[in-house]
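S.K.: This is the structure I want to talk about, given as structure tokens.
Protein chains: 2
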Amino acid sequence: MKFSIVQTEGSARAGVLITGRGEIPTPVFMPVGTQGTVKAVEQRELDELGARIILGNAYHLYLRPGIGLIEKAGGLHRFIGWQKPVLTDSGGYQVFSLTALRRIEEEGVRFRSHIDGSEHLFTPEGVIDIERSLGSDIMMALDECAPFPCDEPYARQSSDMTLRWALRCRTRKEQTSPRYGIGQSLFGIVQGSTYAHLREESARELSGMDFDGYAIGGLSVGEPEETMYRMTEVCTAVLPPDRPRYLMGVGTPRNMLEAIARGVDMFDCVLPTRNGRNAVLFTRHGRLNMRNAAHAGDFTPVDPECTCYGCRNFTRAYLRHLFKAGEILALQLASMHNLTFYLWLLSEAREAILGRNFTAWKDATVKTLSAGPADTNQ
Amino acid sequence: MKFSIVQTEGSARAGVLITGRGEIPTPVFMPVGTQGTVKAVEQRELDELGARIILGNAYHLYLRPGIGLIEKAGGLHRFIGWQKPVLTDSGGYQVFSLTALRRIEEEGVRFRSHIDGSEHLFTPEGVIDIERSLGSDIMMALDECAPFPCDEPYARQSSDMTLRWALRCRTRKEQTSPRYGIGQSLFGIVQGSTYAHLREESARELSGMDFDGYAIGGLSVGEPEETMYRMTEVCTAVLPPDRPRYLMGVGTPRNMLEAIARGVDMFDCVLPTRNGRNAVLFTRHGRLNMRNAAHAGDFTPVDPECTCYGCRNFTRAYLRHLFKAGEILALQLASMHNLTFYLWLLSEAREAILGRNFTAWKDATVKTLSAGPADTNQ
């Protein structure tokens, strides 16, 4: 993997991430395909709307359909019929969400499957082995994602263990080889909850381990937005400038633009697809709830400037009808639209950085985006 | 509308139905788009898989989103973004399914909405007005769809009333004009339950009313298959040979081939889409339940000879995973596949008739189709 920065404006960066399966202009939004599919969107539609990389989830895919099956298929890309890059989350976040079903030890984390209750152990080494088998272009280290709020002693202990796990992942990566003939890179994950000195220490220690890229984890878990931005800043100030930075699980359009201003290059979030399935659509002028009666007789597209299949062919009135009638096509159209919006927004951000007009563009864009229903992560 | 028969073999006919919105080679299968969408399939995908005409339902669309809204949109085609022909069912079948919520009178049928319990009256004239407003290319008369089993006195009374309603529909059609600048034709519907003499009488009386085409209704409602075939035969023997014949709500692949052999030209059924959503897939060698463990490690397509998006790009193993994981993409791929299969089957039937090889082809095809899970309508 190669990362080149093409232009900067303040801390904001426009770059290109070059992988064995294609180039990814950054800043980039990565649609979430947890179980080997981006919900309600076909792979050819991901291509159509311009997705350059999608996410998979090691935890989910390990439990179902199982790693052995995906190996037999020739890796995750062949199994799901997607030829562009895939980043796999280690599943740390999912495992730690299972509060009642898991036990954290130095060795790793023991948990019960949310599907059938069976017992499993995820170690840093085991997770790298899984991600090798998946053949992900970008593998994520196993980390502990601390909850919010989190007291400082626990945050320190957890962040320290995450660092030891990161080194074990790094070592395992060196001991193993890429699968399926294409390079696999590894990102370390900064933790440290909402404590600036812990974040700084975590970022510094990880930087010394020479990862291919760096993620900022454990944010967007309930903390105030300002805290998220401050923690992001603390991390990007320390992380090596020549490596890509990925803010995990973030977020709203505004969140992403503020994080780009602070030096972040990569994002993922379920918001566009989940909101879409709940009839909430992003537009250039704020968000719309398509179930609202206001759209009943509106024969204009959701967003007249949008290039998605739905906006080119259907009206708000029709989309509202589909939602009211409980039709699957509503979920398809809304998911494609919201992903198109997210990808458009980040490509506009990139253009603004290239033109060294990002700050002004961002301030104006955040303002127009704030119309519509309250802009939350939920 | 113009209907030309291109070739026949015994009672089987290959023809072309020419409408103001395009030509429809027959025999034809019409995907069901009850609420203005074929469930889980995009309009451009209907085009891709070769659909030439789809169904809408006057009852459902009248209740939601309402006829006034569709008129404002410029008709059903513009509302749903589908430029090819639409046939609208009158909704008789849906109304009569609401046993507890409806009362049949000579004037029409009073019923309560299944959505909000509100009271409505459908008369033959009112239904034609609704179908005019929808702008359907083929309007269906209002009929009473008698249940199975049904005693003869009720069947006679019901069939006689359906004939009086058919005449009222025919008259109303003459008194009104096509909407949106494109011709609208009207089909009468033969009833008479499982009584051959009632069917014959119904078909003869309707024929005298000079409809643009004729449907055979009230079958595939629980009667034995042989009865369905016999009743179909009785009807097609009487109906004018120069008009298209439409066997409503039928059916399985075998049902359609047997009905073609008896002179039917048009079909609709929810089976391909509903079965698809339930993980049952049609193939050239019988039906497959994609949830079966047998498909878990099968990296071949559902049907290697099929041209659908799924069969060209994905494996049984992946599709099974999507079903097991409850992913929406499973419903999309399975629905597209089954519709592709249905359309392929009827286009093969047409080719066989054109080559005057239909009977041999049909017998061989019915045999190979009978593999797989029991071939039922449910």
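Residue numbers (our numbering), protein chains in the order written: chain G, 1066 to 1443; chain W, 1066 to 1443.
Even glycine gets a Cβ: it sits at the ideal position worked out from N, Cα and C.
(1) Tell me which same chain residues have a C-beta within less than 8 Å of the C-beta of R1310 of chain G, skipping the five on either side of it?
(2) Ignoring anything shorter than 4 residues, give me the alpha helix (DSSP H) runs that lie fully in the stretch 1222-1301 of chain W, in order along the chain.
(3) How far does the beta strand (DSSP E) with K1067 of chain W in it reach, from first residue to last?
(4) For the stretch 1125-1156 of chain W, enumerate the residues whose C-beta is nearer than 7 Å to any C-beta of chain G, in chain order.
(5) With 8 Å as the C-beta to C-beta threshold (strictly closer), list the residues of the stretch 1352-1371 of chain G near chain W in chain order.
(6) Identify whether M1355 of chain W lies in helix, strand or coil by the three-state DSSP scheme.
(7) Could you tell me which of W:D1363, W:N1378, W:F1423 sits nearest to E1136 of chain G, measuring between CA atoms?
(8) What does the alpha-carbon distance come out to for the pair E1416 of chain G and L1163 of chain G?
(9) Quick check: the Cα distance between C1215 of chain W and E1288 of chain W, rounded to an integer number of angstroms?
(10) Provide the residue(s) that pair with F1021 of chain G in DSSP beta bridges, ordered along the chain.
(11) For chain W, check one thing: does any of its Cβ atoms lie closer than 8 Å to the Cβ of A1425 of chain G?
(12) Out of W:G1075, W:P1096, W:S1069, state which residue places its alpha-carbon closest to the alpha-carbon of F1406 of chain W.
(13) Throw me the rounded Cβ distance for the L1141 of chain G and G1156 of chain G pair, which I believe falls under 8 Å.
(14) Cβ of L1398 of chain G within 8 Å of Cβ of L1384 of chain G?
(15) Tell me whether the stretch 1231-1241 of chain W and the stretch 1188-1200 of chain W touch, counting them as touching only if at least three CB pairs, one residue from each stretch, are closer than 8 Å.
(16) How about A1105 of chain G: is its C-beta nearer than 8 Å to some C-beta of chain W?
(17) Looking at the secondary structure, which residues open and close the beta strand (DSSP E) in which F1187 of chain W lies?
(18) Label E1298 of chain W either buried or exposed according to how many other C-beta atoms from any shown protein chain fall within 10 Å of its C-beta, with 16 as the threshold for buried.
(19) Quick check: P1062 of chain W and V1286 of chain W, are their CB atoms within less than 8 Å of each other?
(20) From the beta carbon of L1387 of chain G, is the nearest beta carbon of chain W less than 8 Å away?
(21) List the residues of chain W whose Cβ lies closer than 9 Å to the Cβ of L1040 of chain G, in chain order.
(22) From the DSSP secondary-structure annotation, give me the bridge partner or partners of V1174 of chain G.
(23) Within 8 Å (strictly less), CB to CB, does T1102 of chain W reach chain G?
(24) List, in chain order, every chain W residue whose beta-carbon is nearer than 8 Å to that of Q1397 of chain G.
(25) Just curious, the beta strand (DSSP E) that M1204 of chain G is in, first and last residue?
(26) Going by DSSP, which residues form a beta bridge with T1430 of chain G?
(27) With distance defined between alpha-carbon atoms, name the residue in W:A1138, W:C1376, W:C1210 nearest to V1160 of chain W.
(28) Counting Cβ pairs closer than 8 Å, one from the stretch 1107-1120 of chain W and one from the stretch 1338-1357 of chain W, do we hit at least three?
(29) To the nearest angstrom, how far is the alpha carbon of K1124 of chain G from that of A1138 of chain W?
(30) Quick check: C1145 of chain G and T1102 of chain G, are their CB atoms within less than 8 Å of each other?
M.R.: This is what the structure gives:
(1) To locate residue 1310 of chain G, count along the first sequence from 1; it is residue 245. Correct list, in chain order: G1278, Y1279, A1280, I1281, C1300, T1301, L1304, G1328, V1329, D1330, M1331.
(2) 1261-1273
(3) Translated into the one-based positions of the second sequence, residue 1067 of chain W becomes position 2. 1067-1074 is the span of the beta strand (DSSP E), which, as asked, contains K1067 of chain W.
(4) R1129, P1130, L1134, K1137, A1138, F1144, I1145, G1146
(5) A1361, G1362, F1364
(6) Taking the second sequence and counting its residues from 1, one reaches residue 1355 of chain W at position 290. In this structure, M1355 of chain W counts as coil in the three-state DSSP scheme.
(7) Position 71 of the first sequence holds residue 1136 of chain G. Per the Cα distances, W:D1363.
(8) In the first sequence, the residue the question calls residue 1416 of chain G occupies position 351. In the first sequence, the residue the question calls residue 1163 of chain G occupies position 98. Taking the straight line from one Cα to the other gives about 40 Å.
(9) Counted from its first residue, the second sequence places residue 1215 of chain W at position 150. Counted from its first residue, the second sequence places residue 1288 of chain W at position 223. Their backbone Cα atoms lie some 10 Å apart in a straight line.
(10) Outside the shown range of chain G, which is 1066 to 1443, sits residue 1021 of chain G, and nothing can be said about it.
(11) Along the first sequence, read from residue 1 onward, the residue named residue 1425 of chain G stands at position 360. No, because no Cβ of chain W sits closer than 8 Å to the Cβ of A1425 of chain G.
(12) Within the second sequence, the letter at position 341 stands for residue 1406 of chain W. Of the candidates W:G1075, W:P1096, W:S1069, the one whose C-alpha sits nearest the C-alpha of F1406 of chain W is W:P1096.
(13) The sequence position of residue 1141 of chain G within the first sequence is 76, counting from 1. The sequence position of residue 1156 of chain G within the first sequence is 91, counting from 1. That pair is no contact at about 14 Å.
(14) In the first sequence, counting from the first residue as 1, residue 1398 of chain G sits at position 333. In the first sequence, counting from the first residue as 1, residue 1384 of chain G sits at position 319. Yes; because the gap between Cβ atoms is below 8 Å, this pair is in contact.
(15) yes
(16) Here residue 1105 of chain G corresponds to residue number 40 of the first sequence, with the count starting at 1. Yes, its Cβ sits closer than 8 Å to a Cβ of chain W.
(17) As a working mapping, residue 1187 of chain W is identified with position 122 in the second sequence. 1184-1187 is the extent of the beta strand (DSSP E) around F1187 of chain W.
(18) Against the second sequence, residue 1298 of chain W aligns to sequence position 233. Buried, since its Cβ has 16 or more Cβ neighbours within 10 Å.
(19) Shown here, chain W extends from 1066 to 1443; a query on residue 1062 of chain W therefore has no answer.
(20) What you label residue 1387 of chain G is simply residue 322 of the first sequence in a count that begins at 1. Closer than 8 Å to some Cβ of chain W, the Cβ of L1387 of chain G qualifies, so yes.
(21) Summary: the structure shown does not reach residue 1040 of chain G, with chain G confined to residues 1066 through 1443, and so no result is reported for it.
(22) For the purposes of this step, residue 1174 of chain G is identified with residue 109 of the first sequence, where counting begins at 1. V1174 of chain G is bridged to G:I1169, G:F1187.
(23) Translated into positions along the second sequence, residue 1102 of chain W becomes position 37. At least one chain G Cβ lies under 8 Å of T1102 of chain W.
(24) If you number the first sequence from 1, residue 1397 of chain G lands on position 332. Chain W residues near Q1397 of chain G: A1105, E1107, I1393, Q1397.
(25) Here residue 1204 of chain G refers to the residue found at position 139 of the first sequence. From DSSP, the beta strand (DSSP E) with M1204 of chain G extends over 1203-1205.
(26) As a working note, residue 1430 of chain G is residue 365 in the first sequence. In the DSSP output, where bridge partners are listed per residue, T1430 of chain G has none listed.
(27) Your numbering for residue 1160 of chain W matches position 95 in the second sequence. Out of W:A1138, W:C1376, W:C1210, W:C1210 has the C-alpha closest to the C-alpha of V1160 of chain W.
(28) no
(29) Position 59 of the first sequence, counted from the first residue, corresponds to residue 1124 of chain G. Position 73 of the second sequence, counted from the first residue, corresponds to residue 1138 of chain W. It should be noted that the sequence gives Tyr, not Lys, for residue 1124 of chain G. If I take the Cα positions, the gap works out to 47 Å.
(30) Reading the first sequence from its first residue, position 80 is the one you call residue 1145 of chain G. Reading the first sequence from its first residue, position 37 is the one you call residue 1102 of chain G. Rather than Cys, the amino acid found at residue 1145 of chain G in this sequence is Ile. Yes, these two residues count as a Cβ contact at 8 Å.
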